[in-house]
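With our numbering applied, the sequence shown covers -19 to 455. Worksheet for the structure shown next.
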Amino acid sequence: MSSQKEILKEFDPLSTNNKDNIQLAGYDSKGAPDTIETVNHLPFQTKEVQDGEEEEEPFFDFQLFVKELQDNRSEPLVKYIKSFLHNFVTQKSSWTADEQTKLVADFRTFIYGKLALFEPFKSMDGAKLHNAQEGLEKLIMGKLYTRCFSPYLLKRLGSIENLDDGHRKDIEDDYKLKQKIDEFRFIEPDYLDISIGNENKLMKFVKLSGSELNKINNFKAPRDKVVCLLNSCKVIFGYLKHYDTDKENGADSFIPLLIYTLLKGSIASLISNIRYIERFRLEAFIRGEEEYYISSIEAAIGFIINLDVRKLSIKNYQAYNKMYHENKVKLTEEEHELKRGRIKSENDQTSGTPNGNAAMDLKKHPFDEVTNSMFSMINDFFAAPEQSNQPTTLVDTRTKTSAQVTNATNNSTTPVDTEDISHLVQRMEENENQETLDTLQSMFPGMDKELIEDVCIAKKYRIGPCVDILLTLSD
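As structure tokens, this is what we get:
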């Protein structure tokens, strides 16, 4: 990647030159593919967008990829993937972060090259090949998530001392960030030189942005985690685009509000998520807009980790000190309450009493059930190396998979009807779309419900573009 400073300068969405011309990864200013190519010279391709039309992110359909992999002609690819997953799990109990990154990158290069040798991938154009590449990355990392994502690796190995230096640093930095967020969670917008304007409106956008970013722990695939980052940042960008009076400063306005969102959102394992993306997301896929927002998040994290009173704009130190000490007292009370809850949980487990909070930190991950059901459709080639636990709901509605495929998929030798999965996915998408609609209605209570719904349909329920359009209509 380019340096953080260069990225922030080049792709600042609020600068005079770029605020109305945000480019998506792999596309020029008109939405046509630029000259960059992915591994093995598989170019990004899409229909050219006419002047005045909105650019669309590259289409991704995981179910389509699974159906293509189900084709008997692609059986050699399935065997390659099965062999890699098996060897990754069995050859060594725990790889270092650097080893994992290299192993996944080398296999991805290998398997991408094999796409050109076997149908139905051999005959595909660039856009469909790109979809296949995305599908392979999602598939591989979905199965290896509990061995590559640092918080899960810590849970599996039992102690931070058992982690390698890379994964240990992820956990330690997550802890440092959490400590800083807890310490300064009370600060007001003006402490970061954020022009408040309508405070109620500002807090609605901050809450929505934090909520979108908090979904990052609901995903296994690097791409899906990136989508959470983009959604969160685009909500902030939408607010600044319409309500910030100092647009000329661009990132000078964006980064403080992003910092404020992180302080108010208390996102779990954020640093581990960012490093997971950097390790396992194909670098050619992280360009332009994606790279800008990731660099922005990293800049905000860096500021918070090094935050002290000297970096804040404080006019009334007496009021600040009072809030600081009140927050410190609350933190102590919360820590004691947490310890009491842990003791109760341990006692309940010892006595055999069911406790719903006992496994709150590592919940069942619906992605396992969905992928296992899909794998059963390709003759059980992908029996999971291990069963993992983590909640998930995909942000991009076009890549969502259902969390409701459960008992029907427990027996991996029983084929699952593709039509049944499609119905489940459709029902889940409808639920997710309704949630988006309800959120937007709460943000724009004075706007006609049908108008909001029309905007959601037009923008495919993508939260960032929907917020931007509704802000324009509400002006």
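Heads up, the beta-carbon is just placed ideally off N, CA and C, and yes, glycines get one too.
query: Three-state secondary structure (DSSP) at Ile432?
result: Sequence index remark: in the sequence shown, residue 432 carries index 452 (1-based). Reduced to three states, the DSSP call for Ile432 is helix.
request  = Can you give me the Cβ contacts of Val206 inside the same chain, cut-off strictly under 7 Å, excluding the 5 residues immediately before and after it?
outcome  = For this step, residue 206 is matched to residue 226 along the sequence shown. Hits under 7 Å: Ile257, Arg261, Glu270.
Look at the Cβ atom of Glu48, then the Cβ atom of Phe101, and state whether they are nearer than 8 Å.
-> Sequence index remark: in the sequence shown, residue 48 carries index 68 (1-based). Sequence index remark: in the sequence shown, residue 101 carries index 121 (1-based). When the beta-carbon positions are compared, Glu48 and Phe101 come within less than 8 Å of each other.
Q: Tell me where the alpha helix (DSSP H) around Arg148 begins and ends.
A: Residue 148 sits at position 168 when you count from the first residue of the sequence shown. Arg148 -> alpha helix (DSSP H) spans 145 to 164.
Exercise for review: Classify Gly282 as helix, strand or coil using the three-state DSSP reduction.
Suggested key: Position 302 of the sequence shown, counted from the start, is the residue given in the question as residue 282. Looking at Gly282 - three-state DSSP - the assignment turns out to be helix.
Worksheet entry | Residues near Asp78 by beta carbon distance below 7 Å, same chain, minus five either side | Along the sequence shown, read from residue 1 onward, the residue named residue 78 stands at position 98. When the five nearest sequence neighbours on each side are left out, the beta carbons in the same chain lying within less than 7 Å of the beta carbon of Asp78 are those of Gly146, in order along the chain.
Checklist entry - With 16 other CB atoms within 10 Å as the buried threshold, where does Asp348 fall? => result Residue 348 sits at position 368 when you count from the first residue of the sequence shown. Residue placement at Asp348 cannot be trusted, given a pLDDT of 48 that sits under 50; what the coordinates show is reported in the next sentence. Around the Cβ of Asp348, a 10 Å sphere holds 16 or more other Cβ atoms; the residue is buried.
**OP:** With distances taken Cα to Cα, identify the nearest neighbour of Leu172 among Lys440, Arg290, Leu420.
**Re:** Sequence index remark: in the sequence shown, residue 172 carries index 192 (1-based). Checked all of Lys440, Arg290, Leu420; the closest Cα to Leu172 is Arg290.
Give me the Cα-Cα distance between Tyr92 and Thr452, rounded to the nearest whole angstrom.
In the sequence shown, the residue the question calls residue 92 occupies position 112. In the sequence shown, the residue the question calls residue 452 occupies position 472. Going from the Cα of Tyr92 to the Cα of Thr452 covers about 43 Å.
**Q.** Cβ distance (whole Å) where Leu242 is taken to contact Ile285 below 8 Å
**A.** By one-based count along the sequence shown, residue 242 stands at place 262. By one-based count along the sequence shown, residue 285 stands at place 305. At roughly 11 Å, the Cβ-Cβ gap does not stay under 8 Å, so Leu242 and Ile285 are not in contact.
Subject >> Cα-Cα separation between Lys160 and Asp428, rounded to whole angstroms >> reply: Along the sequence shown, one-based indexing puts residue 160 at 180. Along the sequence shown, one-based indexing puts residue 428 at 448. It is roughly 41 Å from the alpha-carbon of Lys160 to the alpha-carbon of Asp428.
Quiz item: Can you tell me whether His305 is buried or exposed, with buried defined as 16 or more other CB within 10 angstroms of its CB?
Solution: As a working mapping, residue 305 is identified with position 325 in the sequence shown. By the 10 Å Cβ count, His305 comes out exposed.
Exercise for the section: Could you tell me whether the stretch 247 to 254 touches the stretch 118 to 136, using the rule of 3 or more Cβ pairs below 8 Å? Expected result: Touching, yes, given that three or more Cβ pairs across the two stretches are closer than 8 Å.
Practice item. For my contact list, Gly444 and Val215 are in at a C-beta cut-off of 8 Å; report their separation, rounded to the angstrom. Key: As a first step, residue 444 must be located in the sequence shown, where it is residue number 464. As a first step, residue 215 must be located in the sequence shown, where it is residue number 235. Taking a contact as a CB-CB distance under 8 Å, the pair Gly444 and Val215 counts as one, their CB atoms being some 6 Å apart.
If you run the structure through DSSP and keep just helix, strand and coil, what is Met121? Mapped onto the sequence shown, residue 121 falls at position 141. Helix.
Note to self: Using the Cβ count rule (16 or more neighbours within 10 Å means buried), how would you classify Lys195?
What the structure shows: As a first step, residue 195 is located in the sequence shown; it is residue number 215 there, counting from the start. So Lys195 counts as buried.
If we ignore side chains and look at the alpha-carbon of each, how far apart do Gly177 and Ala264 end up?
Position 197 of the sequence shown, counted from the start, is the residue given in the question as residue 177. Position 284 of the sequence shown, counted from the start, is the residue given in the question as residue 264. Cα to Cα, Gly177 sits roughly 39 Å from Ala264.
When the Cβ atoms of the stretch 117 to 126 are set against those of the stretch 197 to 212, are three or more pairs found closer than 8 Å?
By the Cβ test, the stretch 117 to 126 is in contact with the stretch 197 to 212, since at least three Cβ pairs between them sit closer than 8 Å.
Item to complete: Indicate the three-state DSSP secondary structure (helix, strand or coil) for Tyr441 in the structure shown.
Response: By 1-based counting over the sequence shown, the position of residue 441 is 461. Correct three-state label for Tyr441: coil.
- Buried or exposed: Gln30, going by 16 or more other Cβ atoms within 10 Å of its Cβ? Here residue 30 is taken as the residue at index 50 of the sequence shown, counted from 1. Confidence at Gln30 is low in this model, with a pLDDT of 34, below 50, so the placement of that residue is unreliable and no value is reported for it.
inquiry  = Quick check on this structure: which residue in Arg267, Tyr125, Leu182, Tyr272 has the alpha carbon closest to the alpha carbon of Asn253?
reply    = For the purposes of this step, residue 253 is identified with residue 273 of the sequence shown, where counting begins at 1. Ranking the options by Cα distance to Asn253, first place goes to Tyr125.
Distance between Lys319 and Thr333 (C-alpha atoms, nearest Å):
In the sequence shown, counting from the first residue as 1, residue 333 sits at position 353. In the sequence shown, counting from the first residue as 1, residue 319 sits at position 339. Residue confidence is low: Thr333 scores 44 on pLDDT, short of 50, so the model does not pin down where it sits. No coordinate-derived value is stated.
Measure how close the beta-carbons of Phe166 and Met303 come, nearest whole angstrom, since I'm counting them as under 8 Å. Numbered from 1 along the sequence shown, position 186 holds the residue referred to as residue 166. Numbered from 1 along the sequence shown, position 323 holds the residue referred to as residue 303. About 5 Å; that satisfies the 8 Å criterion.
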